[in-house]
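See below for the structure under consideration.
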Amino acid sequence: MRLNLDNPVLDYINTAVQFIALNLIFVLCCLPIITAGPSIAALYQVTMQEARKEHGYIIRTYFRHMKEMFFQGILTFLIFALLLSVLAYSLVFWFYVGGAFGNIAFIITLLLTILSFCALFYVFPLMARFQNRRLRTIKNAFLMALSHPACSAALFAIHIFVVSLLYLFPGMKIFMLVIGYSFTAYVNSLLLTRLFRTYEEKSEQR
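Numbered according to the numbering used here, the sequence shown spans residues 16 to 221.
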């Protein structure tokens, strides 16, 4: 009996195993916290590659790109961590201030917080896909969050859905540790790849 190496079932199993390995490596690389930035950027490098059907060595690609984006990823992560910390403090402050002015300031701060979270969903995929300076990448992330409300809302909804499942079903934590992060990044990459393709086509036309 000959073994058919082109069997789609075997390809699916092989990809699933590699995504599980990718997820476990990603979790380990994020444990120091400060390395979360380059870890996320490298994760999106791999998942967007898979979303574009550019299959390759998943684990090798992950470590190569994590090394390439190490310092840029750390600095970008720290910038967003500082920004979101300031916004979180501002939300609590204006909530307790109350009054008409306090309520208006709270709503404005809440909208800025949501926008910053949406930009965070774009910044590491942008870092993985396009070569730009750090501040330009952050600026582009905010611009894309504003320019593509439907995609931003979808990305926001995906993350809210995952967080809700973790809150409602504690057993989901096991799923996230096994394959959840890489699977979520892959779902996001399916959306982002289509969006980025429009910019890549415009760039080619120029």
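All C-beta atoms in this analysis are idealised placements derived from N, C-alpha and C, irrespective of residue type, glycine included.
Three-state class that DSSP yields for residue i in the structure shown
i           : result
residue 191 : helix
residue 64  : helix
residue 70  : coil
residue 184 : coil
residue 84  : coil
residue 206 : helix
residue 199 : helix
residue 46  : coil
Rounded separation between residue i and residue j - CA only
i           : j           : result
residue 69  : residue 98  : 35 Å
residue 54  : residue 108 : 33 Å
residue 184 : residue 177 : 10 Å
residue 90  : residue 57  : 15 Å
residue 42  : residue 122 : 34 Å
residue 152 : residue 30  : 30 Å
residue 130 : residue 72  : 35 Å
residue 95  : residue 104 : 14 Å
residue 118 : residue 138 : 30 Å
residue 186 : residue 116 : 43 Å
residue 59  : residue 79  : 13 Å
residue 113 : residue 124 : 13 Å
Given residue i as reference, the closest of the options once Cα atoms are compared
i           : options          : result
residue 36  : 74, 145 and 88   : 74
residue 199 : 182, 113 and 169 : 169
- prompt: Are three or more beta carbon pairs between the segment 128-147 and the segment 40-50 nearer than 8 Å?
  reply: No contact exists between the segment 128-147 and the segment 40-50.
- prompt: Are at least three pairs of beta-carbons, each pair with one atom in the segment 198-210 and one in the segment 161-176, less than 8 Å apart?
  reply: The segment 198-210 is in contact with the segment 161-176.
- prompt: Whole beta strand (DSSP E) runs in the segment 94-173 with 3 or more residues, listed along the chain?
  reply: Considered as a whole, the segment 94-173 harbours no complete run of any beta strand (DSSP E) with no fewer than 3 residues.
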